[in-house]
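Worksheet: one structure, shown below.
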Amino acid sequence: SFMNNLSWDEFNVSNIILKMLPADSVLHLGNSLSVRYFEWLTPRNDIAYYANRGTSGIDGSLSTAIGFSLASDKINTIVIGETSFMYDSNALWKETLPDNLRIIVQNNGGGGIFKFIDGPSGLPETDRIFAAKHAFNMQHLARHYSVAYMCASNINELTEALKKLSKINKTAILEIMTDADKNAQILTDFFKHLKHTSWQLENGKQ
Numbered sequence: 014s015f016m017n018n019l020s021w022d023e024f025n026v027s028n029i030i031l032k033m034l035p036a037d038s039v040l041h042l043g044n045s046l047s048v049r050y051f052e053w054l055t056p057r058n059d060i061a062y063y064a065n066r067g068t069s070g071i072d073g074s075l076s077t078a079i080g081f082s083l084a085s086d087k088i089n090t091i092v093i094g095e096t097s098f099m100y101d102s103n104a105l106w107k108e109t110l111p112d113n114l115r116i117i118v119q120n121n122g123g124g125g126i127f128k129f130i131d132g133p134s135g136l137p138e139t140d141r142i143f144a145a146k147h148a149f150n151m152q153h154l155a156r157h158y159s160v161a162y163m164c165a166s167n168i169n170e171l172t173e174a175l176k177k178l179s180k181i182n183k184t185a186i187l188e189i190m191t192d193a194d195k196n197a198q199i200l201t202d203f204f205k206h207l208k209h210t211s212w213q214l215e216n217g218k219q
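As numbered in the working numbering, residues 14 to 219 make up the sequence shown, in order.
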């Protein structure tokens with residue numbers, strides 16, 4: 014019921030991506046918000062999930078996905094935040110990249126998780142120090158590594174790009190642009206929704 018009311022934000026974007034992933038494919042998830050969004054969504058039984066959780070850092074998720082893809086005969090998709098992607102972008106510095114890898118970069122202009130967790134979210138220096146707010150996009154990095162690039166900034170663009178991504182036969186990057194403040198508000202509302210729904214169930218109210 015909560016998802017039905019969402020529009021253009023990272024949570025809904027993650028839901029759309031999950032629904033449009035090819036059957037019998039592999040999903041890799043970057044650390045921080047990327048893996049959290051997909052943990053909150055209803056899992057699909059026809060895809061495999063992998064993530065570098067437990068390593069307490071954002072480095073290495075892209076490298077892992079590339080290495081896995083080289084040894085896999087399935088379509089591999091990694092959903093990763095732009096900060097994590099930039100940290101590990103040198104993983105694309107290979108003579109030959111796997112044809113079965115799709116890279117989806119969620120760009121919210123910084124470390125979006127710091128917008129809603131207790132502590133940093135209430136500090137005036139959060140954007141500058143914790144979230145490392147920026148205005149970069151990944152187009153030039155894609156060009157630098159000769160990787161196909163697409164960008165989406167609304168639902169129609171996203172669905173069309175995901176259709177193209179499913180047909181392409183080489184490593185490709187799809188960058189998705191969202192607003193960090195709106196994403197943080199959606200997550201705050203989501204946790205309130207969960208709390209309210211849990212209270213209703215505990216008290217026998219539907």
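Cβ atoms here follow ideal geometry from the backbone N, Cα and C, with glycine treated the same way.
Which residues DSSP lists as bridging residue i, in chain order
i, result
"L214", "None, per the DSSP bridge assignment."
"I8", "Only positions 14 to 219 of the chain appear in this structure, which leaves residue 8 out of reach."
"H41", "Y63, I91"
Three-state secondary structure (DSSP) of residue i
i, result
"A36", "coil"
"N103", "helix"
"D22", "coil"
"L31", "helix"
"T201", "helix"
"D194", "helix"
"L207", "helix"
"S47", "helix"
Element boundaries [alpha helix (DSSP H), containing residue i]
i, result
"N169", "168-180"
"L154", "152-157"
Does the contact criterion of 3 or more C-beta pairs under 8 Å hold for the stretch 161-169 versus the stretch 91-110? At 8 Å Cβ cutoff, the stretches do not touch.
Which runs of the beta strand (DSSP E) fall wholly inside the stretch 52-122 and span at least 3 residues, in chain order? List check, beta strand (DSSP E) in window: 61-64, 89-94, 114-120.
Under 8 Å, with one C-beta from each stretch per pair, do the stretch 23-32 and the stretch 47-65 reach the 3-pair mark? yes
Three CB pairs or more closer than 8 Å across the stretch 172-191 and the stretch 104-112: Of all C-beta pairs linking the stretch 172-191 to the stretch 104-112, three or more are shorter than 8 Å, placing the two stretches in contact.
The stretch 35-47 touching the stretch 71-90, judged by at least three CB pairs closer than 8 Å: yes
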